[in-house]
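Take a look at the structure set out below.
Numbering (the working numbering), first residue to last: 7 to 132.
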């Protein structure tokens, strides 16, 4: 690693990167969501066509990714608040991150079937 660089490649840096990436992904989802909802005022038929594309398995998997991004961003945001406002937060930031990752993994496992049931039924039958 070059001398003088701030990048250390540890858990804190990866959580920082993941928090920014998930924030940008959520922003773009909200942007697209506002645009497609506004489409109903322009052309209800075009809106219906767009909504029909949302019922495809590929978009359903993207919805699962959106759930993953929102959950991680929210949980990591709570971790950031704890690190910033709890006097012992910086000391335990690594443990807090792994707690966030563990809770996120459990919640994502629980969300697997409810979010992807349409795709699973389409691909594998009822």
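For every residue, glycine included, the Cβ atom is placed at its ideal position computed from N, Cα and C.
As the structure is a prediction and not an experimental result, all values here were calculated from the model.
The three-state reading of DSSP puts residue 92 in coil, since its state is none of H, G, I, E or B.
Relative to the Cα of residue 17, the nearest Cα in the group 72, 102, 69 and 111 belongs to 102. The segment 108-123 and the segment 61-79 touch, with three or more beta-carbon pairs separated by less than 8 Å.
Membership of residue 53 in the alpha helix (DSSP H) is indicated by the continuous run 50-59. Taken through DSSP and simplified to helix, strand or coil, residue 100 comes out as helix. Shown here for residue 29: same chain residues with a beta carbon closer than 7 Å to its own, the five before and five after excluded, namely 79 in chain order.
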